[in-house]
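According to the numbering used here, the stretch in the sequence shown is residues 2 to 205, in order.
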Amino acid sequence: MIDNYAAYLNMITEKINGFFKKQQPYIFCKKGCAKCCKNAQYPFTEIEYKYLMTGYNTLPFDTQKEIYNNIQNTIKEKQKSKEKNFTYKCPFLLNDKCSVYNYRGIICRTFGLLVADDNGSDIPFCALEGLNYSNVYDQNKHLISSAMYSKLGVNEEPLAFNVQYDFLTSKEFAKGYGFEFGKTKPLIEWFENKKNFMTNNIKQ
């Protein structure tokens, strides 16, 4: 099943990368930014979690231990928090770099694009911080500005893509590739319920 998921992931990643390439005039992602990895819930299906952990198991012992400690600290923070939708820094983010980049989740791969939804499109929050699409997003009117686009003098228009997480993790896609996504949970909740698994990976 993991191999089948990996094949599906390779397919959608190629398409997603193509979307980013087409939208290059509006994309300001850069190594070390990591704003998208510092305050979210990070939905992961069960098979995404398992694939993530195959990447974790390839890491050096010291790196695994650092991630393990991050996970335990985040679990403690979550238990103390009174927030219903607890947000946190991804425990796999080390020195502002993803330690399991090739094994990251689907939500991580799509973030930064304009996402098509029922109301038109949804901008990435980093547009409000001078990053993706900030050069065409009118913060006062809360929309992509045709006037700002015209001033750029580029041929490629800012476009929204059908890369919603629920769509990309649908049963139809999984069935076509011969696997199941399983349940979806915020990333940290997979570790709350898998403490023994994590402990077995980190041999003290």
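Virtual Cβ for every residue (Gly too), placed ideally from N, Cα, C.
| query | result |
| --- | --- |
| Residue range of the beta strand (DSSP E) that includes L115 | 115-118 |
| Backbone CA spacing between K204 and K66 [nearest angstrom] | Low per-residue confidence applies at K204: pLDDT is 46, beneath 50, and the placement is therefore not dependable, though the value from the model is reported in the following sentence. About 9 Å. |
| Residue from L95, D123, I72, D63 with nearest C-alpha to G33 | L95 |
| Selected residue, minimal CA-CA separation from E190, among K79, E157, V155 | K79 |
| Option nearest N120 by Cα separation, candidates A161, N40, G154, F192 | A161 |
| Helix, strand or coil at Q25 according to DSSP, with G and I counted as helix | helix |
| Given 8 Å, three or more beta-carbon pairs between the segment 23-31 and the segment 130-145 | yes |
| G19 (DSSP reduced to helix, strand or coil) | helix |
| The segment 38-48 / the segment 168-186 touching (three or more Cβ pairs under 8 Å) | yes |
| Per DSSP, the bridge partner or partners of F87 | In DSSP, F87 forms no bridge with anything. |
| Outcome for F62 when other beta-carbon atoms lying within 10 angstroms are tallied against a minimum of 16 | exposed |
| Other residues of its chain near E193: CB distance less than 8 Å, five sequence neighbours each side excluded | I76, K79 |
| Segment contact, 8 Å Cβ cut-off, at least three pairs: the segment 100-115 with the segment 154-171 | yes |
| Helix, strand or coil at G121 according to DSSP, with G and I counted as helix | strand |
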